[in-house]
Structures are given as C-alpha cells and as structure tokens.
Amino acid sequence: MPKVTEKPYGCDICNKSFSQKYDLKTHRRIHTGEKPYHCDVCGKSFPKSDALTIHVRVHTGEKPHHCDICGKSFSVSSGLTRHKRTHTGDKPYHCDICDRKFSQTDFLTRHKRTHTGEKPYHCDICGKLFSQAGCLSRHKCLHAR
C-alpha cells in the first residue's frame, strides 16, 4: 500500500499544500516575489539558496555532474539526465496526438505546435508570428539588413 504523506501547511493564496513548514515559506516567495539570495558577482537575486548555488556555477565554471559514459560534465544534474538520453536513446515524452516520442520536454512542446498552430513568438517590427524562437531570430536578421 502506498505511503500517504500528510501536508498540513497550506498556502493561503493558491491552496497548494506542503509537508514541511519551510517548503511553504519558500513557496510563498512565488507570490510575493521575494528573492533574498543574491549573487556576489553579478547581483542577480533568487528565491531559494540552492538556485543561487547553481547560478554561481555560471561564474566559476564548476560542472560537478559527469557522464560516466563519455565524461562530459554539466553544472546541473538535470543537464546530465537529459544528456544521458543521447546514449540510451530514451524518449520519455510522448505526443498524445500522433504518438511521436521525444527525449526532451521542450522538443515535445515545440512539436505540439505543429498540431495546434500556436505561434507564440512575434516580430516586434512587422508583427509576423512564429512557432519557434529560432525562426523569429532568423527573421529579425532580415530587418537588420
């Protein structure tokens, strides 16, 4: 039988519940915009200390997560997880419309736009719409000529 975790700490704004009081405290920062952790190098602020720790690696170049197959290193564990799929061929994200599979969630999101016709990127010069950010960037080069 699965273990049921009690979550007695509820957010009074969005009703999300937490098992630890500290988790509720840090969650509330989503609503308040509070970012008490600051980077000494560039001044950027973060709502959680672990987010600052990861950010500082941009400045230090630290990449503590290593691929045991090819040795490539990553600053965040999620980067390593995503990279390992290039070795395994794992594609855990499925399109519910055509069943096509993807190794990354952002690839699936981009693919779904072929079904929906969504074009969330727009040119602020001429108003043309694009389904991918890269297509908008290439388009903007035409205006720069």
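Numbering (the working numbering) for the sequence shown: 870 to 1014. A virtual CB, placed ideally from N, CA and C, is assigned to each residue, including glycine.
Measure how close the beta-carbons of residue i and residue j come, nearest whole angstrom, since I'm counting them as under 8 Å.
| i | j | result |
| --- | --- | --- |
| residue 908 | residue 924 | 6 Å |
| residue 915 | residue 932 | Not a contact, Cβ separation roughly 19 Å. |
| residue 896 | residue 880 | 6 Å |
| residue 906 | residue 917 | 7 Å |
| residue 945 | residue 934 | 7 Å |
List the residues that DSSP assigns as beta-bridge partners of residue i.
| i | result |
| --- | --- |
| residue 879 | 886 |
| residue 970 | 963 |
| residue 1011 | Answer is none; residue 1011 lacks a bridge partner. |
| residue 942 | 935 |
Express the C-alpha separation of residue j and residue i in angstroms, rounding to a whole number.
| i | j | result |
| --- | --- | --- |
| residue 920 | residue 966 | 35 Å |
| residue 1012 | residue 886 | 49 Å |
| residue 999 | residue 991 | 6 Å |
| residue 983 | residue 997 | 17 Å |
| residue 949 | residue 960 | 15 Å |
| residue 893 | residue 884 | 11 Å |
Along the alpha helix (DSSP H) that carries residue i, what are the first and last residues, could you check?
| i | result |
| --- | --- |
| residue 981 | 974-985 |
| residue 922 | 918-929 |
Could you say which of the options lies nearest to residue i if we only look at CA atoms?
| i | options | result |
| --- | --- | --- |
| residue 993 | 979, 987, 982, 1008 | 1008 |
| residue 953 | 973, 969, 991 | 973 |
| residue 975 | 875, 904, 1002, 1014 | 1002 |
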